[in-house]
Every structure is written in structure tokens, then in C-alpha cells.
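Chemist:
Right, here's the structure in full:
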């Protein structure tokens, strides 16, 4: 009796393996039942409501494409705009005669403590010919952007990078 049960179990295991192989091949072909149990019970994954045909609304699509085009255009063009030059040109137009240029010999000790552009402590202090002191980066970026840079404190006009020199703390 025990032999018959073992033979029956061995036969059932072989049949199950063959059925699994056949099911796997059918699954690869049809893609419906992924296991033998789902095939025997006829259970498969699917939508309760089949998907209906959706209409594309071209108005929103066109609007989206338009905004993406604007965003790409601005992302490309903004780095090309020289904001230092625009700012300095507007200052030259509107603030031309409001302040009088100063001289280097009018400089005080407190002029060495603040940059006339960024109002911070000057890093590598430089001067352009007036009494005010600038950070090298501040003055170099502004003079490079606009050759006729005006000192924001006294409207002294710089003649270019040739006039930017290292500031010496010697007071006159």
C-alpha cells in the first residue's frame, strides 16, 4: 500500500511539473494566468471597468507647450543679459547730478571699513580715483560690465579697469 501511495505521489509531482511548464509557456504567449492555481480557478488581474477612450484636450496641451517654450527661452536668454550694465546705465541716467564726485585726499579711516557697492567689509580693497573703497570682485564685475562705471556713493566715473588700483591705507 505504501508503494502505491509513493508511486501516485511521484506521478502527481511529475504531472504538476509538466503542467507548470506548459502553463509557463502559455503565460509567456498570452500573459493571462501567471500560475497553475490561477489557471485552474480562472482568476486573473484586470480592471473592473474597462478603460474607455479618452479625448485629448488640445487647448490645455497647447497652453502647456507654450509655457514650456517660454520657460526654455527665458532659461536660455537670462544668462545672456548683462544686469550690471543695465543697472549702471540706469544709475547714470537718473542719478547723474545728485551727488558730487569726491577725491582720494578726502578719504577717512572709516572709508576703509565698508565697500561702497556691497556695504560689507572690503575683500582685497581697491579704488577707482574717488575716496571710496571697493571689494575687488564688486568693482571688477561692475567695471567689466560697464566701462564708464559710476561710484554709487559719489558718482565718480571710472574710466575702465586701467583705473582700478589697489587701495593703500595711507591717509593724506
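In our numbering, the protein residues as written are 41 to 212.
Don't be surprised by glycine CBs; every beta carbon is placed ideally from N, CA and C.
Note that the coordinates shown come from a computational prediction; the quantities given were computed from them, not determined experimentally.
#1: Quick check: what's the CA-CA separation for residue 57 versus residue 85?
#2: Would you kindly work out how many angstroms separate the C-alpha atoms of residue 102 and residue 118, rounded to a whole number?
#3: Just to check my reading of the structure: residue 186 and residue 129 have Cβ atoms closer than 8 Å, yes? What is that Cβ distance to the nearest angstrom?
#4: Taking the Cβ atom as the reference point for each residue, do residue 168 and residue 204 lie within a distance shorter than 7 Å?
#5: Smallest Cα separation from residue 161: which of 63, 121 and 178?
#6: Where residue 50 and residue 64 are concerned, what is the direct C-alpha to C-alpha distance, given to the nearest angstrom?
#7: Report the three-state DSSP secondary structure of residue 167 (helix, strand or coil).
#8: What number of angstroms, rounded off, separates the C-alpha of residue 14 from the C-alpha of residue 104?
#9: To the nearest angstrom, how far is the alpha carbon of residue 42 from that of residue 61?
#10: Report the partner residues of residue 206 according to the DSSP bridge assignment.
#11: In angstroms, rounded to a whole number, what distance separates the CA positions of residue 175 and residue 153?
#12: Below 7 Å CB to CB, which residues in the same chain sit around residue 151 once its five sequence neighbours on both sides are set aside?
#13: If you draw a straight line from the alpha carbon of residue 131 to that of residue 98, how long is it in whole angstroms?
#14: Would you mind sorting residue 188 into buried or exposed? The rule is 16 or more other CB atoms within 10 Å of its CB.
Modeler: This is what the structure gives:
#1: 24 Å
#2: 24 Å
#3: 7 Å
#4: yes
#5: 178
#6: 21 Å
#7: strand
#8: Outside the displayed span of the chain (41 to 212) sits residue 14, for which this structure offers no information.
#9: 29 Å
#10: 166
#11: 11 Å
#12: 171, 172 and 173
#13: 47 Å
#14: exposed
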